[in-house]
Amino acid sequence: MTNYGERVALVTGGLRGIGRGIAERLLAEGMQVYLVDIESDETAADLMQGIEGQATYLKLN
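Per the working numbering: the sequence shown = residues 4 to 64.
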């Protein structure tokens, strides 16, 4: 694995599918990840369950 130090990633569509897979990999690499999606806050909270690491959800359209 590459050491990404204190890098930050912004992943669009990060709560589901390919975006979530990318976010999980970046988190495993030690990056801080911002997940951008259009889900409601309640749905986002459910989908954020199980994501480990420094992940933050931003509701954007």
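Just so it is clear, CB atoms sit at the ideal spot from N, CA and C, and this is done for glycine as well.
All of these numbers come straight from a predicted model, not from anything done at the bench.
| query | result |
| --- | --- |
| Buried or exposed, going by whether 16 or more other CB atoms sit within 10 Å of the CB of Tyr60? | buried |
| Pop quiz: Gly17 and Ala26 are said to be a contact at Cβ under 8 Å. What is the actual Cβ separation, rounded to whole angstroms? | 5 Å |
| How many Å lie between Lys62 and Asp44 at the Cα? | 8 Å |
| Kindly indicate the opening and closing residues of the beta strand (DSSP E) around Leu38. | Gln35 to Asp40 |
| Would you list the residues sitting across from Thr59 in a DSSP beta bridge? | Tyr37 |
| For Ile21 and Arg10, what's the separation of their Cα atoms in angstroms? | 21 Å |
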